[in-house]
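Report on the following structure.
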Amino acid sequence: MIIMIAAVAENNALGKNNELVWHLPNDFKRFKALTTGHHIIMGRKTFESFPKPLPNRTHIIITRQDNYQPEGCIIVKSIEEAIAKCPKEEDSFIIGGGEIYTLGIPFADALEITRVHHSFEADTYFPEINKKEWKLIESEPNKRDVKHLYDYTYETYIRF
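The sequence shown begins at 1 in full-length UniProt numbering and counts up by one.
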């Protein structure tokens, strides 16, 4: 199954200047729990936003750059090629950024969204979730607290 995973603001904002515009430690824990042991598909800029490759995951990086070869990563030129590199019998995750989400949504079987209940100024956005194609099957609200400045909801969607 191909699953897109993202933290998305009310206005579909993802980030600005290649960084998230919020800090939700519980969302990071959830991301780690869901993606560990799996293939993760991302764009080059998303990969370069990490201090180092994420442990215990197979990184597939989509880039137009020739001779781009970070150690231990699979490099591809298209979303189709990235998906072809994923094991068919396992879950694989598309983790961003904005352009990769837009390219990947037609191939996704499920969406794991952390909806941040605030709007932000951003330069990168998640594509609109078409309610005629996607069904919300799970919703888990979380209130802001000392470590989380915003209310947020974990949402799971499946394609109709």
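Cβ coordinates follow ideal geometry from the N, Cα and C atoms, glycine included.
Asked, Found
"If we count the other Cβ atoms within 10 Å of its Cβ and call it buried at 16 or more, is ALA33 buried or exposed?", "exposed"
"How big is the Cα-Cα spacing for GLY98 and LEU14?", "7 Å"
"Closest to GLU71 by CA distance: which of LYS85, LEU54, GLU81 is it?", "LEU54"
"So, ILE62 versus ILE79, is the Cβ gap smaller than 8 Å?", "yes"
"Out of GLU155, ILE100, HIS117, point me to the one whose CA is closest to ASN11's CA.", "HIS117"
"In angstroms with no decimal places, state the Cα-to-Cα distance between ILE75 and ASP145.", "39 Å"
"Helix or strand or just coil, what does DSSP make of THR63?", "coil"
"Would you call the region 39-57 and the region 82-99 in contact, with 3 or more CB pairs under 8 Å?", "yes"
"State the Cα-Cα distance for the pair TRP22 and LEU149, rounded to the nearest angstrom.", "8 Å"
"Under a Cβ-count criterion, where at least 16 other Cβ atoms within 10 Å of its own Cβ denotes burial, should ALA84 be classed as buried or exposed?", "exposed"
"Output the distance between the C-alpha atoms of ALA108 and LYS29, rounded to the nearest integer angstrom.", "22 Å"
"For the candidate residues HIS39, LYS45, ASP151, ASP123, whose alpha-carbon lies nearest to that of ILE5?", "HIS39"
"If I'm right that TYR152 touches THR114 with Cβ under 8 Å, what's the distance once you round it to whole angstroms?", "6 Å"
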